[in-house]
Amino acid sequence: MTSADDVSFETRMARVRARVSHCVANKSPCYVSTFAKTMTDLSNSQRRQATIRIVELLKRDKSLQFKIDTIGREYFAPRTAGSPMLPLPPPSTPRRVAPSPPMPPPLPPSALPGTFVMITTHLHLETLVASADLVAHDGPIGVDVLGPTAALAVLQLTVGSTVFFIDCKSISPALVWHELRATLQNPFVPKIVFNVYAFGQILGAIAETTTVCPMAAVLDLELAMEAKTGAASSDAFHALLAMHGMERPPKEHCHARAAKALGARPLSHDLLETAAWHSLLLQRAYIKLQPWLCATSDRLAQLEDASSVRITAALTLCERQVAFDAASQQLTSVELLPQSTMATSPTLVLHDDNVADVISSLLPAPWAAHLLVPEVLPHVHDIDLDVGRRPWAWVGGKRLFLAADPTATVGAPDVARVVAAVGGFGTDNRAGLARQLHRVSAMRNRHGDVVGVTVRMGRYVEGCAGMLADILADTTKNVLFLGAPGCGKTTLVRDVARHLSQRHNVCIIDTSNEIAGDGDVPHHCVGLARRMMVPCLNAQAAVMVECVQNHTPEVLVIDEIGRATEVEAARTCQQRGVRTIASAHGTLRKLLKNKPLRGLVGGVEAVTVGDANARKGPDGSVHKVCAERCDAPIFDVIVELAKGEYDTWRVVLDAAVAVDAILQGHSYEVQVRTRSTTAFSMSMEQA
């Protein structure tokens, strides 16, 4: 150090001595972690170096004794009478000391930018903890946990260019935590993690805590990446590498936390190498982020605080918690979003649209009585009446017979009563009730007589589209909702129309008057959206184009695209700059097998490729004729709904990438959004 630095250090030393003297006078311990308060003008690295130097000098003070408390915190206390001095030099009489076991040799590194070592015994772990690699290391330590449970876990520490894999199965989680607690809770050594939700519960089990953050001075690079880019990316790891010009690690598919990969020992070399790649690349990324992290005096501290909050939450949660920024409507991790700027989750309000009155008016009183029970009424989905058969309803996914007498059957007058209430059916054999959302569908015999009806109870859930606020706020994205009948597509489309109509000119192409109800006046659930009716199914494509030509909508909402002509009409609307929101049956994979409809996501064509691009099939055979996407998708975002999972949706943010992956025989990435009471949780999965 220069003389100026020595003077500065002496001043700091004097401040620390004054703090220690104050604690000694009050007979209380003086924790080493408090020394940092006298060095707020230094960087983290300088602070750590100064603290180490001060601690070494204070250890020479005969009036003080250096101790470590039960949770690994270092402190100085006044030396009482009879308390031992610092350890004396070894006696002159020679002693035989058992040598420490050597560290295991590094495994073959391949092209790895470093080395990795497997720690499988308690003695080797003790050697690591006492070694200069860990004690004298003043840089960041990368932390990760691989494994489905604490008993099978492998705790991963990255120190410099070496990755240590510590096997909890062969050592035991309790001993691993006992040896590493002081290191992980040292406030002067930064710890680097990435998406701690992926392993927080396992780390908590190793540390035997569900309420207290088990690490100090920790930074989650996923949060840092989000803070830098302003976006909660679903692929932040690869975005982080790309931002700093780093290539993806090889064999990424081997980096699994599944029981299958970690249940057996010895562990796969490919798994360890890939995990080491991830950790070493994160260390490099952290170094490249340093100028940005230190650009302002409080940025790093704020991100470390947010990371600590995230780790504490991850002890009991396994999915990333997100909310919407009230100003930008962008999805943001809750740890980075102040409470004052967090958009409040809309309260879901279920409107039954006079279900009880409809049931009473359409069914004989004895049958209706079975459905008007308070515990049953909210769960009534369909009512099926077929001439000559017992009447029943579908309640909560189960069949409920409406007549206790098995000989009681539906008569022609019972069906005629329902037909009279709706006043007739269209060419699609559907009808509705004026300004209501309930739908009645007819079953006819070969002579055209109605011999059965299905009454579907329509409800609308106000606020259910809130989980897609960021996607709906992006006016450039066309959205397609996919799912089986009865999974909630129409309910969601209604609320999307209401949500968008508050700011945009929205027009609904109502195929069967199911979105906005029957009658000339649209149901109030669609807000300010306008509605064009479709006289028959074959005319729907023409009505879509007519709407764009005559009424200049900004957003076109269509329920149930089901024919090739409607696909072409949707493409016409897209090319004219009109945003399209629509629904269709099935899943993304099934849609690609549906020849009339796969144009919604770009279509498929067969191409012949050369030997270099030929693909191998599962049986090893080579295919030179491959399926490829032939056009840009009409819909940019796909939202898949599943029956019974009304609070969990699977969102494909880039339909083109997903379609290409499917056609190449690969899985594609899906963002799983789940509604909770305070926010949303978000996770990624392969589909």
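To convert, take the position in the sequence shown, counting from 1, and add 2; that gives the working numbering. Cβ coordinates follow ideal geometry from the N, Cα and C atoms, glycine included. These numbers were taken from a predicted model, which means no experiment stands behind them.
Could you tell me if residue i is buried or exposed, where buried requires 16 or more neighbouring beta carbons within 10 angstroms of its beta carbon?
{"i": "Ile289", "result": "exposed"}
{"i": "Leu125", "result": "exposed"}
{"i": "Ala244", "result": "exposed"}
{"i": "Asp512", "result": "buried"}
{"i": "Trp294", "result": "exposed"}
{"i": "Asn552", "result": "exposed"}
{"i": "Asp1", "result": "The requested residue 1 is not part of the displayed model; the chain covers only 3 to 689."}
{"i": "Asn540", "result": "exposed"}
{"i": "Ser363", "result": "exposed"}
{"i": "Leu221", "result": "buried"}
{"i": "Arg267", "result": "exposed"}
{"i": "Asn197", "result": "buried"}
{"i": "Thr582", "result": "buried"}
{"i": "Ser296", "result": "Checking the sequence shown, residue 296 turns out to be Cys, not Ser. Label assigned to Cys296: exposed."}
{"i": "Leu59", "result": "exposed"}
{"i": "Gly247", "result": "exposed"}
{"i": "Thr314", "result": "buried"}
{"i": "Val99", "result": "Reliability fails at Val99, whose pLDDT of 36 lies under 50, so the model's placement of it is uncertain and the value that follows must be treated cautiously. So Val99 counts as exposed."}
{"i": "Pro376", "result": "exposed"}
{"i": "Pro598", "result": "exposed"}
{"i": "Thr13", "result": "exposed"}
{"i": "Asp169", "result": "buried"}
{"i": "Leu435", "result": "buried"}
By alpha-carbon positions, which one of the options ends up nearest to residue i?
{"i": "Arg631", "options": "Gln666, Leu114, Glu210 and Ala566", "result": "Gln666"}
{"i": "Gln323", "options": "Met684, Leu274 and Gln688", "result": "Met684"}
{"i": "Arg441", "options": "Arg458, Pro115, Thr429 and His449", "result": "Arg458"}
{"i": "Thr676", "options": "Met686, Val639, Leu295 and Arg448", "result": "Met686"}
{"i": "Phe118", "options": "Leu269, Phe190, His506 and Val495", "result": "Leu269"}
{"i": "Tyr199", "options": "Arg81, Thr276, Phe403 and Val336", "result": "Val336"}
{"i": "Leu482", "options": "Val22, Leu602, Arg505 and Lys597", "result": "Leu602"}
{"i": "Ala277", "options": "Val26, Gln158, Met41 and Leu655", "result": "Gln158"}
{"i": "Gly579", "options": "Glu562, Arg591 and Val557", "result": "Val557"}
{"i": "Arg533", "options": "Thr411, Ala544 and Cys549", "result": "Cys549"}
{"i": "Phe682", "options": "Gln304, Leu154 and Asp472", "result": "Asp472"}
{"i": "Val131", "options": "Leu186, Met445 and Ser235", "result": "Leu186"}
{"i": "Gln304", "options": "Pro366, Leu225, Leu182 and Asp355", "result": "Leu225"}
{"i": "Leu387", "options": "Arg446, Asn356 and Gln332", "result": "Arg446"}
{"i": "Ala16", "options": "Asn28, Val57, Arg50 and Gln331", "result": "Val57"}
{"i": "Thr409", "options": "Arg391, Arg14 and Ala27", "result": "Arg391"}
{"i": "Gly605", "options": "Val420, Glu570, Ile385 and Val389", "result": "Glu570"}
{"i": "Phe403", "options": "Glu76, Ala544 and Pro393", "result": "Pro393"}
{"i": "Asp355", "options": "Ala287, Cys527 and Val424", "result": "Cys527"}
Just confirm the distance between the C-beta atoms of residue i and residue j, as a whole number of angstroms; I'd bet it's less than 8 angstroms.
{"i": "Leu484", "j": "Gly588", "result": "6 angstroms"}
{"i": "Ala395", "j": "Leu379", "result": "So it is not a contact: roughly 11 angstroms between Cβ atoms."}
{"i": "Thr429", "j": "Cys538", "result": "4 angstroms"}
{"i": "Met227", "j": "Val145", "result": "That belief does not hold up - the Cβ atoms of Met227 and Val145 are roughly 17 angstroms apart, past 8 angstroms."}
{"i": "Phe190", "j": "Ala209", "result": "Not confirmed; about 20 angstroms, so no contact."}
{"i": "Gly529", "j": "Ser503", "result": "4 angstroms"}
{"i": "Ala316", "j": "Gln203", "result": "7 angstroms"}
{"i": "Ile636", "j": "Arg565", "result": "Their Cβ separation, rounded to whole angstroms, is 14 angstroms, which puts Ile636 and Arg565 out of contact at 8 angstroms."}
{"i": "Thr164", "j": "Gln285", "result": "Actually they do not touch by this definition, with Cβ atoms about 10 angstroms apart."}
{"i": "Thr456", "j": "Asp561", "result": "Contact flag wrong, Cβ pair sits at about 17 angstroms."}
{"i": "Phe2", "j": "Val156", "result": "Not covered by the structure: residue 2. The range shown for the chain is 3 to 689."}
{"i": "Ile194", "j": "Ile143", "result": "7 angstroms"}
{"i": "Ser172", "j": "Thr213", "result": "Going by Cβ atoms, the distance from Ser172 to Thr213 rounds to 29 angstroms, so no, they are not a contact pair."}
{"i": "Gly693", "j": "Arg437", "result": "With the chain covering only 3 through 689, there is no way to say anything about residue 693."}
Any idea which residues DSSP pairs residue i with across the strands?
{"i": "Ser683", "result": "Gln323 and Thr676"}
{"i": "Ile560", "result": "Ile511 and Ala584"}
{"i": "Glu671", "result": "Gln688"}
{"i": "Leu482", "result": "Ala584 and Ile640"}
{"i": "Glu464", "result": "Val351"}
{"i": "Asp386", "result": "Trp394 and Thr456"}
{"i": "Met120", "result": "Phe167"}
{"i": "Thr334", "result": "Ala325"}
{"i": "Leu221", "result": "Ile194"}
{"i": "Val654", "result": "Ile640"}
Just checking residue i against the ligand MG - is the residue's beta carbon closer than 8 angstroms to any of the ligand's heavy atoms?
{"i": "Val397", "result": "The ligand MG is not part of the structure shown, which contains no ligands of any sort."}
**Message:** Runs of 4 residues minimum, wholly inside the region 10-81: which ones carry the alpha helix (DSSP H) assignment?
**Reply:** Listed in chain order, they are 46-60.
**Asked** What residue ranges within the region 508-556 form continuous alpha helix (DSSP H) runs of no fewer than 4 residues, ordered along the chain?
**Response** You should have 542-553.
**Request:** May I have a chain-ordered list of the beta strand (DSSP E) segments no shorter than 3 residues that lie completely inside the region 258-327?
**Result:** With a minimum length of 3 residues, the unbroken runs of beta strand (DSSP E) contained wholly in the region 258-327 fall at 322-326.
**Prompt:** Taking the runs of the beta strand (DSSP E) that are 3 residues or longer, which of them lie wholly in the region 388-462?
**Reply:** If one requires a minimum length of 3 residues, the beta strand (DSSP E) runs lying completely within the region 388-462 are 394-397, 400-403, 432-434, 441-446 and 452-458, in chain order.
**Request:** Could you name each continuous beta strand (DSSP E) segment of 3 residues or more that falls completely within the region 124-171, going from the start of the chain to the end?
**Result:** The region 124-171 contains these whole beta strand (DSSP E) runs: 143-148, 156-161 and 164-169.
**Asked** Going along the chain, which unbroken runs of the beta strand (DSSP E) with 3 or more residues stay wholly within the region 187-217?
**Response** For the region 187-217, whole beta strand (DSSP E) runs of length 3 or above, ordered along the chain, are 193-195.
**Request:** Go through the region 571-652 residue by residue and report every complete run of the alpha helix (DSSP H) that reaches 4 residues or more, in order.
**Result:** The region 571-652 contains these whole alpha helix (DSSP H) runs: 590-595.
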